[in-house]
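**Student:** Please read through the structure below; I'll follow up with questions.
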Amino acid sequence: MRNTLIIGFAAILLWSACKSGSDKKTLPIYGNRQPVTKTVDGKQVTDTIYQTIPPFKFVNQYGDSISNKTLNGDIYVVDFFFTTCPSICPIMHRNMLKVYETFKSTGNFKIISHTIDPKHDSIPVLKKYADKLGISGNTWWFLQGKKEDIYTIAEKNYLVAVKQDSSASGGYIHAGYFVLIDKQKRIRGSYDGTDPKQVDELISDIKILQAEPDQMIVQ
Amino acid sequence: MNWKLGCVLIAFVAILSIVACQSDENLEFKRYYSSGALVYQQHCQNCHGTNGEGLSALIPPLSDSSYLRKNLSSLPCYVKNGLKAQITINGKTFEDAMPANDLSPVEIAQVLTYVGNSFGNKLNTIDEQLVQKSLAGCK
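Keeping their order, the protein sequence lines are chains A and B.
Residue 61 in our numbering sits at position 27 of the first sequence, and the numbers go up by one each step.
Residue 46 in our numbering sits at position 11 of the second sequence, and the numbers go up by one each step.
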């Protein structure tokens, strides 16, 4: 009698623990937003337009051209680095490897690392870097392009500071953020890529995004 | 009675001096090692990792004891001037350049003592004199 009571109690506890664990956390949507009122079926409907990543065009380590359209329908993580970086890049990519290993076999997921030193980091240099890092396939792309394009998209769109500075070690200063972009090309998170704890958070946030319905309306 | 006391006293002093000498050596090691941990954090950890694990085939790990032992006299030069050569660590080849580090001889001795006695390595104290001697012979 007493045993059944205890078992019953434990079962309830376990159930409630599971329940609170599945409480869904939603990720914020960053950037400017503006309300738009349109008429649908004779009714006035107010919609919100969120800031999104504008069109871009770069080339990856295989020499393939990669544009915003290539990433349609993908959740992706962005960072900025250069292959000869002696400061934070090795830590960032040591941590990014964890993200890569976690999601490399799931579809609709990409990592894109832009070089901020396109003069040195040619496509063969990026390919060699990827090979040595142990990256193959098409989950993690190392992108090269026009310097102005890279710096503009970094600062204006992904909100990551980058700068050429001969006094800094390696010749560049840049922030080690990993920026999380959803399937609608909106910024959903920004994480310090040098901090393993924040990278773990990024991994769990990607899982939340993957579970999000494609056309979720967030006010 | 008196000679007995004398013997005990002599034995006691002898034991004391042995203990003192040992702990002196031990103390020196600890000082080098703990300062070396700080130098490591500031100058080496970004690339070589918190646990000396390196990064894939880009940055070598620091856990190859036999490499460290074999190249002991060159290590201070590598730390100070950087390294641009192909090396084999734990059976894997590494060819990317390591940048130079502007460290004083004592800092080099400290960081080498730290690395040489972490990550599974056991090389004892690499002191400043040894480093000075090695640095004089850098190519």
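For glycine and all other residues, C-beta sits at the position ideal for the given N, C-alpha and C.
(1) From Thr148 of chain B to Ser58 of chain B, what distance separates their C-alpha atoms?
(2) Taking all protein chains shown into account, do 16 or more other C-beta atoms lie within 10 angstroms of the C-beta of Thr117 of chain A, making it buried, or fewer, making it exposed?
(3) Contact between the region 163–180 of chain A and the region 61–79 of chain A: three or more CB pairs below 8 Å?
(4) Write down every uninterrupted run of the alpha helix (DSSP H) in the region 67–155 of chain B whose length is 4 residues or greater and which is fully enclosed by it, in chain order.
(5) Relative to the C-alpha of Thr123 of chain B, which residue among B:Lys105, B:Leu138 and B:Cys173 is closest?
(6) Could you give the DSSP three-state label for Tyr192 of chain A: helix, strand or coil?
(7) Quick one: using the 10 Å Cβ neighbour count with 16 as the cut-off for buried, is Glu142 of chain B buried or exposed?
(8) Rounded to the nearest angstrom, what separates Asn37 of chain B and Leu110 of chain B at their Cα positions?
(9) Does any residue of chain B bring its CB to less than 8 Å from the CB of Gly168 of chain A?
(10) Go through its chain and collect everything with a Cβ distance to Ser139 of chain B's Cβ below 8 Å, but skip five positions before and after it.
(11) Provide the residue(s) that pair with Pro69 of chain A in DSSP beta bridges, ordered along the chain.
(12) Using a Cβ distance threshold of 8 Å, determine whether the region 91–108 of chain A contacts the region 139–157 of chain A, with at least three qualifying pairs required.
(13) Would you mind reading off the limits of the beta strand (DSSP E) that contains Ile221 of chain A?
(14) For Gly227 of chain A, count the other beta carbons within 10 Å of its own beta carbon; 16 or more makes it buried, fewer makes it exposed. Which is it?
(15) Excluding the five sequence neighbours on either side, which residues of its own chain have a C-beta within less than 8 Å of the C-beta of Tyr134 of chain A, listed in chain order?
(16) Can you check whether the CB of Asp137 of chain B is closer than 8 Å to the CB of Leu93 of chain B?
(17) Interface residues of chain A around Asn81 of chain B at Cβ under 8 Å?
(18) For Asn86 of chain B, which residues of its own chain have a beta-carbon under 8 Å away from its beta-carbon, when the five flanking residues on both sides are left out?
(19) Going by beta-carbon coordinates alone, are Met213 of chain A and Ser200 of chain A separated by less than 8 Å?
(20) So is Ser56 of chain A in contact with chain B if we call contact Cβ pairs under 8 Å?
(21) If you count every other CB in all the chains shown that lies within 10 Å of the CB of Ile83 of chain A, and 16 or more means buried, which is it?
(22) Identify each residue in the region 119–149 of chain B for which the Cβ-Cβ distance to at least one residue of chain A is less than 7 Å, and report them in chain order.
(23) Could you say which of B:Asn61, B:Gly71, B:Ile45 and B:Ser91 lies nearest to Asn129 of chain A if we only look at CA atoms?
(24) Find out if the Cβ-Cβ distance for the pair Gly179 of chain A, Phe92 of chain A is shorter than 8 Å.
(25) Against Arg128 of chain A, what residues of chain B qualify as contacts under a CB-to-CB distance less than 7 Å, listed in chain order?
(26) Please classify Val19 of chain B as buried or exposed, where buried requires at least 16 other C-beta atoms within 10 Å of its C-beta.
(27) With burial defined as no fewer than 16 other Cβ atoms inside 10 Å of the residue's Cβ, what is the status of Lys119 of chain B: buried or exposed?
(28) DSSP state of Lys166 of chain A, grouped into three classes?
(29) Exposed or buried, what is Phe47 of chain B when buried is set at 16 or more other beta-carbons lying within 10 Å of its beta-carbon?
(30) Within 10 angstroms of the Cβ of Lys65 of chain B, are there 16 or more other Cβ atoms? Answer buried if so, exposed if not.
**Tutor:** Reading it off the structure:
(1) Put simply, the backbone Cα of Thr148 of chain B is about 17 Å away from that of Ser58 of chain B.
(2) buried
(3) no
(4) 80–83, 100–105, 110–116 and 140–151
(5) Nearest neighbour of Thr123 of chain B by Cα position, chosen from B:Lys105, B:Leu138 and B:Cys173, turns out to be B:Lys105.
(6) coil
(7) buried
(8) 57 Å
(9) yes
(10) none
(11) A:Thr82
(12) yes
(13) Ile221 to Asp226
(14) buried
(15) Listed in chain order, the non-local C-beta contacts of Tyr134 of chain A below 8 Å within the same chain comprise Ile145, Ile169, Thr173 and Trp174, local neighbours out to five positions each way being set aside.
(16) No, the Cβ-Cβ distance between Leu93 of chain B and Asp137 of chain B is not below 8 Å.
(17) Pro120, Ser121, Ile122, Pro124 and Ile125
(18) Taken in chain order, the residues that qualify are Phe154.
(19) Sequence inspection shows Val at residue 213 of chain A; the Met mentioned does not correspond to that position. Their beta carbons are not under 8 Å apart, which means Val213 of chain A does not touch Ser200 of chain A by this criterion.
(20) Legend: pLDDT at Ser56 of chain A = 48, less than 50; position of this residue unreliable, no value from coordinates given.
(21) exposed
(22) Pro134
(23) Ranking B:Asn61, B:Gly71, B:Ile45 and B:Ser91 by Cα distance to Asn129 of chain A puts B:Ser91 first.
(24) The criterion of a C-beta distance shorter than 8 Å is satisfied by Gly179 of chain A and Phe92 of chain A.
(25) Near Arg128 of chain A (Cβ distances below 7 Å), the residues of chain B are Gly84 and Leu90.
(26) Residue 19 of chain B cannot be examined here, being either before or after the span of chain B that is shown, 36 to 174.
(27) exposed
(28) Looking at Lys166 of chain A - three-state DSSP - the assignment turns out to be helix.
(29) exposed
(30) exposed
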